[in-house]
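Reading through the C-alpha coordinates given below for one structure.
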(Lines of atoms letter the chains of each structure in order from A and count residues from 1; the text may use other names and numbers.)
(Lines give C-alpha, C1' and ligand atoms only; values in the text may rest on other atoms or scores of the structure.)
Protein backbone atom coordinates (compact mmCIF):
# COMPACT_ATOMS: atom_id res chain seq x y z
CA UNK A 1 0.00 0.00 0.00
CA UNK A 2 1.38 3.38 -1.00
CA UNK A 3 -0.96 5.60 1.02
CA UNK A 4 -4.41 5.84 2.61
CA UNK A 5 -6.78 8.73 3.25
CA UNK A 6 -4.65 10.64 0.74
CA UNK A 7 -5.65 14.30 0.61
CA UNK A 8 -6.71 15.47 -2.85
CA UNK A 9 -6.51 19.19 -3.73
CA UNK A 10 -10.06 20.59 -3.42
CA UNK A 11 -11.53 17.08 -3.77
CA UNK A 12 -11.58 15.25 -0.44
CA UNK A 13 -9.54 12.15 0.40
CA UNK A 14 -8.59 9.08 -1.61
CA UNK A 15 -9.28 5.97 0.47
CA UNK A 16 -6.37 3.83 -0.72
CA UNK A 17 -3.46 4.25 -3.10
CA UNK A 18 -1.90 0.93 -4.08
CA UNK A 19 1.19 0.33 -6.20
CA UNK A 20 2.41 -2.80 -7.96
CA UNK A 21 5.97 -3.49 -6.79
CA UNK A 22 7.06 -4.87 -10.16
CA UNK A 23 5.37 -2.65 -12.75
CA UNK A 24 5.05 0.41 -10.45
CA UNK A 25 1.47 0.80 -11.69
CA UNK A 26 -0.77 2.71 -9.28
CA UNK A 27 -4.35 1.90 -8.31
CA UNK A 28 -6.63 4.64 -6.95
CA UNK A 29 -9.12 2.76 -4.75
CA UNK A 30 -12.42 4.11 -3.43
CA UNK A 31 -14.42 2.19 -0.79
CA UNK A 32 -18.12 2.52 -0.04
CA UNK A 33 -20.54 0.86 2.35
CA UNK A 34 -23.85 -0.19 0.85
CA UNK A 35 -24.91 0.43 -2.74
CA UNK A 36 -22.85 2.26 -5.31
CA UNK A 37 -24.18 5.71 -6.08
CA UNK A 38 -23.44 8.53 -8.52
CA UNK A 39 -21.20 10.41 -6.08
CA UNK A 40 -19.03 7.34 -5.53
CA UNK A 41 -18.48 6.81 -9.25
CA UNK A 42 -17.63 10.48 -9.76
CA UNK A 43 -15.15 10.48 -6.85
CA UNK A 44 -13.47 7.31 -8.15
CA UNK A 45 -12.89 8.84 -11.57
CA UNK A 46 -11.99 12.25 -10.19
CA UNK A 47 -9.30 10.91 -7.83
CA UNK A 48 -7.87 8.72 -10.61
CA UNK A 49 -7.67 11.78 -12.88
CA UNK A 50 -5.99 13.93 -10.22
CA UNK A 51 -3.36 11.30 -9.43
CA UNK A 52 -2.51 10.54 -13.06
CA UNK A 53 -2.01 14.25 -13.75
CA UNK A 54 0.12 14.73 -10.62
CA UNK A 55 2.26 11.65 -11.34
CA UNK A 56 2.26 11.08 -15.13
CA UNK A 57 5.38 8.89 -14.90
CA UNK A 58 3.17 6.03 -13.65
CA UNK A 59 0.34 4.08 -15.23
CA UNK A 60 -2.87 4.52 -13.22
CA UNK A 61 -6.06 2.49 -12.79
CA UNK A 62 -9.26 3.50 -10.97
CA UNK A 63 -10.75 0.89 -8.62
CA UNK A 64 -14.26 1.07 -7.19
CA UNK A 65 -15.15 -1.23 -4.25
CA UNK A 66 -18.65 -1.37 -2.76
CA UNK A 67 -20.87 -3.79 -0.88
CA UNK A 68 -23.48 -3.72 -3.61
CA UNK A 69 -22.88 -2.73 -7.22
CA UNK A 70 -26.33 -2.71 -8.78
CA UNK A 71 -26.97 -3.64 -12.39
CA UNK A 72 -27.97 -0.05 -13.14
CA UNK A 73 -24.66 1.39 -11.97
CA UNK A 74 -22.71 -1.49 -13.45
CA UNK A 75 -24.12 -0.47 -16.84
CA UNK A 76 -23.08 3.14 -16.20
CA UNK A 77 -19.58 2.13 -15.13
CA UNK A 78 -19.26 -0.09 -18.21
CA UNK A 79 -19.71 2.98 -20.42
CA UNK A 80 -16.40 4.35 -19.15
CA UNK A 81 -14.51 1.11 -19.56
CA UNK A 82 -12.10 1.25 -22.48
CA UNK A 83 -11.74 5.02 -22.11
CA UNK A 84 -10.85 5.01 -18.43
CA UNK A 85 -8.93 2.05 -16.92
CA UNK A 86 -11.52 0.98 -14.36
CA UNK A 87 -12.07 -2.06 -12.14
CA UNK A 88 -15.24 -2.62 -10.08
CA UNK A 89 -15.21 -5.03 -7.12
CA UNK A 90 -18.15 -6.10 -4.96
CA UNK A 91 -17.29 -6.86 -1.34
CA UNK A 92 -19.44 -9.02 0.94
CA UNK A 93 -18.98 -9.85 4.62
CA UNK A 94 -19.96 -13.41 5.60
CA UNK A 95 -20.20 -14.58 9.18
CA UNK A 96 -18.86 -18.07 9.83
CA UNK A 97 -19.28 -18.96 13.48
CA UNK A 98 -17.42 -16.35 15.48
CA UNK A 99 -15.45 -15.15 12.47
CA UNK A 100 -16.25 -12.74 9.65
CA UNK A 101 -14.89 -13.44 6.19
CA UNK A 102 -14.65 -10.86 3.42
CA UNK A 103 -15.38 -12.07 -0.11
CA UNK A 104 -14.28 -9.90 -3.04
CA UNK A 105 -15.84 -10.45 -6.46
CA UNK A 106 -14.57 -8.61 -9.52
CA UNK A 107 -17.70 -7.61 -11.44
CA UNK A 108 -15.99 -5.39 -14.00
CA UNK A 109 -12.43 -5.80 -15.20
CA UNK A 110 -10.30 -3.30 -17.01
CA UNK A 111 -10.69 -3.46 -20.77
CA UNK A 112 -7.31 -4.23 -22.26
CA UNK A 113 -7.19 -2.54 -25.63
CA UNK A 114 -5.32 -4.34 -28.38
CA UNK A 115 -2.32 -2.95 -30.13
CA UNK A 116 -2.68 -0.86 -33.22
CA UNK A 117 -3.18 -3.13 -36.21
CA UNK A 118 0.03 -3.93 -37.95
CA UNK A 119 -1.56 -3.49 -41.37
CA UNK A 120 -2.76 0.08 -40.73
CA UNK A 121 -1.38 2.86 -42.87
CA UNK A 122 2.02 3.81 -41.48
CA UNK A 123 1.08 7.49 -41.76
CA UNK A 124 -1.57 7.00 -39.04
CA UNK A 125 1.12 6.21 -36.45
CA UNK A 126 4.50 7.61 -37.50
CA UNK A 127 7.21 7.00 -34.94
CA UNK A 128 10.90 6.34 -34.53
CA UNK A 129 13.49 5.92 -31.80
CA UNK A 130 13.60 9.63 -30.94
CA UNK A 131 9.82 9.58 -30.37
CA UNK A 132 10.24 6.95 -27.63
CA UNK A 133 13.28 8.66 -26.12
CA UNK A 134 11.11 11.76 -25.64
CA UNK A 135 8.04 9.83 -24.46
CA UNK A 136 10.05 7.65 -22.09
CA UNK A 137 13.75 8.39 -21.69
CA UNK A 138 17.03 7.46 -23.35
CA UNK A 139 17.83 5.23 -20.39
CA UNK A 140 14.65 3.14 -20.65
CA UNK A 141 14.94 2.84 -24.44
CA UNK A 142 18.51 1.67 -23.86
CA UNK A 143 17.09 -1.04 -21.58
CA UNK A 144 15.03 -2.26 -24.54
CA UNK A 145 18.27 -2.38 -26.56
CA UNK A 146 19.92 -4.53 -23.90
CA UNK A 147 17.01 -6.96 -23.84
CA UNK A 148 17.02 -7.00 -27.63
CA UNK A 149 20.65 -8.11 -27.61
CA UNK A 150 19.63 -11.20 -25.65
CA UNK A 151 16.67 -11.84 -27.96
CA UNK A 152 18.88 -11.58 -31.05
CA UNK A 153 21.00 -14.42 -29.66
CA UNK A 154 17.95 -16.60 -30.39
CA UNK A 155 17.41 -15.17 -33.87
CA UNK A 156 19.82 -12.57 -35.35
CA UNK A 157 17.20 -11.57 -37.95
CA UNK A 158 14.98 -9.92 -35.33
CA UNK A 159 14.92 -6.12 -35.09
CA UNK A 160 13.12 -3.51 -32.99
CA UNK A 161 10.09 -1.93 -34.68
CA UNK A 162 9.00 1.47 -33.31
CA UNK A 163 5.23 1.92 -33.25
CA UNK A 164 3.17 4.74 -31.78
CA UNK A 165 1.85 2.77 -28.81
CA UNK A 166 4.63 0.26 -28.22
CA UNK A 167 8.00 -0.98 -29.47
CA UNK A 168 7.62 -4.35 -31.11
CA UNK A 169 9.76 -6.76 -33.10
CA UNK A 170 10.08 -7.47 -36.78
CA UNK A 171 11.67 -10.27 -38.76
CA UNK A 172 12.55 -9.89 -42.43
CA UNK A 173 10.46 -6.70 -42.49
CA UNK A 174 7.34 -8.37 -41.05
CA UNK A 175 5.85 -7.95 -37.54
CA UNK A 176 6.96 -10.70 -35.14
CA UNK A 177 5.66 -9.53 -31.79
CA UNK A 178 6.17 -12.29 -29.25
CA UNK A 179 7.32 -9.53 -26.91
CA UNK A 180 6.69 -5.76 -26.81
CA UNK A 181 8.23 -2.89 -24.84
CA UNK A 182 6.74 0.29 -23.40
CA UNK A 183 9.47 2.67 -22.16
CA UNK A 184 8.41 5.01 -19.34
CA UNK A 185 10.33 7.83 -17.70
CA UNK A 186 11.89 5.66 -15.00
CA UNK A 187 11.17 2.05 -16.00
CA UNK A 188 10.49 -0.26 -18.93
CA UNK A 189 7.38 -2.42 -19.24
CA UNK A 190 8.13 -5.81 -20.81
CA UNK A 191 5.08 -7.62 -22.23
CA UNK A 192 5.37 -11.17 -23.61
CA UNK A 193 2.70 -12.18 -26.13
CA UNK A 194 1.74 -15.60 -27.50
CA UNK A 195 2.80 -16.24 -31.07
CA UNK A 196 0.41 -17.37 -33.76
CA UNK A 197 2.25 -20.54 -34.72
CA UNK A 198 0.40 -20.76 -38.03
CA UNK A 199 2.09 -17.55 -39.16
CA UNK A 200 5.48 -18.08 -37.51
CA UNK A 201 8.50 -19.88 -38.83
CA UNK A 202 11.05 -21.96 -36.92
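In the working numbering, the protein residues as written are 273 to 474.
Ideal placement from N, C-alpha and C gives every residue a C-beta, glycine not left out.
Bear in mind that the values here come from a model prediction, so they are computed numbers and not experimental data.
What is the DSSP secondary structure of residue 287, reduced to helix, strand or coil? strand
Could you tell me whether the Cβ atoms of residue 334 and residue 314 are closer together than 8 Å? With respect to residue 314, residue 334 sits apart: the two C-beta atoms are not nearer than 8 Å.
Reference residue 301, options 288, 283, 294, 455, closest by Cα: 288
Just confirm the distance between the C-beta atoms of residue 272 and residue 342, as a whole number of angstroms; I'd bet it's less than 8 Å. Not covered by the structure: residue 272. The range shown for the chain is 273 to 474.
Could you name the residues of the same chain whose beta carbon sits closer than 6 Å to that of residue 361, not counting the 5 residues immediately before and after it, in chain order? 337, 376, 378
Give me the DSSP bridge partner(s) of residue 332. 298
Top-ranked residue by Cα proximity to residue 447, from 410, 431, 437: 431
Could you tell me whether the stretch 442-461 touches the stretch 413-425, where touching means 3 or more Cβ pairs closer than 8 Å? yes
Of the listed residues 325, 329, 400, nearest to residue 437 (C-alpha basis): Comparing Cα-Cα distances from residue 437 to each of 325, 329, 400, the minimum goes to 400.
Roughly how far, in whole angstroms, is the beta-carbon of residue 330 from the beta-carbon of residue 298, given that I think they are within contact range, below 8 Å? 5 Å
Tell me whether residue 277 sits in a helix, a strand or coil according to DSSP, three-state version. strand
Hey, could you find the ends of the alpha helix (DSSP H) residue 325 is sitting in? 310-326
Would you check if the distance between the CB atom of residue 349 and the CB atom of residue 404 is smaller than 8 Å? With respect to the 8 Å criterion, residue 349 and residue 404 are not classified as neighbours on the basis of their beta carbons.
Hey, could you find the ends of the beta strand (DSSP E) residue 454 is sitting in? That run of the beta strand (DSSP E) goes 451-455.
Which residues does DSSP list as the beta-bridge partners of residue 447? 442
Round the Cβ separation of residue 358 and residue 352 to the nearest angstrom and send it over; I've been treating them as touching at under 8 Å. 6 Å
Under a Cβ-count criterion, where at least 16 other Cβ atoms within 10 Å of its own Cβ denotes burial, should residue 406 be classed as buried or exposed? Note on residue 406: under 16 other CB atoms within 10 angstroms of its CB, so exposed under the neighbour-count rule.
Would you give the residue range spanned by the beta strand (DSSP E) that residue 367 belongs to? 358-368
Give the DSSP-derived three-state secondary structure of residue 349 in the structure shown. helix
Distance, residue 275 Cα to residue 323 Cα: 12 Å
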